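In the numbering used here, the protein residues as written are 5 to 110. Notes follow the structure.
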Amino acid sequence: MVREEEFGILLGVTPDNAAALETTRTRYATLKQHLDSQPEEWREDLQQLLTGGGLPASEGIQHIWNSQTRHSTVMLPATRTLYIAFPSDSGIAGRFTAVTVAGEES
5 MVREEEFGIL LGVTPDNAAA LETTRTRYAT LKQHLDSQPE EWREDLQQLL TGGGLPASEG
65 IQHIWNSQTR HSTVMLPATR TLYIAFPSDS GIAGRFTAVT VAGEES
């Protein structure tokens with residue numbers, strides 16, 4: 005199944021994906037609700053939203069940035085740039101690092 009972006013956003017999991025855990029669907033549904041009510045216009049704003057705004061990881065995996073988060077990514081296809089952040093030992097998201105994605109045009 006190929007998913008399409010909605011208004012420039014492609015979530016990692018769609019909230020209606022029955023194959024995903026309920027807590028995962030809840031986490032992505034929360035993100036989608038926030039994006040629908042307050043569209044983020046800037047990459048930095050979206051990064052703050054995805055990483056809990058610099059706060060330690062929340063308990064419970066239904067939260068967007070939680071103790072089981074392995075990384076957070078924001079991709080800008082137009083510039084072929086992937087921004088990725090990993091949690092520190094304290095659970096706070098580290099800085100986003102930019103990676104240029106190379107490849108052939110299709």
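Glycine included, C-beta positions come from ideal geometry on N, C-alpha and C. Keep in mind that this is a model prediction, so the values were computed, not measured.
Check	Outcome
On the DSSP bridge list, what partners appear for VAL17?	According to DSSP, VAL17 bridges with nothing at all.
Would you list the residues sitting across from ILE88 in a DSSP beta bridge?	THR77, THR101
Report buried or exposed for TRP46, applying the criterion of at least 16 other Cβ atoms within 10 angstroms of its Cβ.	exposed
Quick one: what's THR26 bridged to in DSSP?	According to the sequence as given, residue 26 is Glu; it is not Thr. Note: GLU26 sits in no beta bridge, so no partner.
Going straight from the alpha carbon of PRO19 to that of PHE100, what length do you get?	25 Å
Check this for me: beta carbons of ILE68 and THR34, under 8 Å apart or not?	yes
Taking only three categories from DSSP, how would you classify SER41?	helix
As a quick exercise: from GLU48, ARG74, GLU9, LEU50, pick the residue whose alpha carbon is nearest that of PRO91.	ARG74
Roughly how many angstroms lie between the CA atoms of THR30 and ASN21, to the nearest whole one?	11 Å
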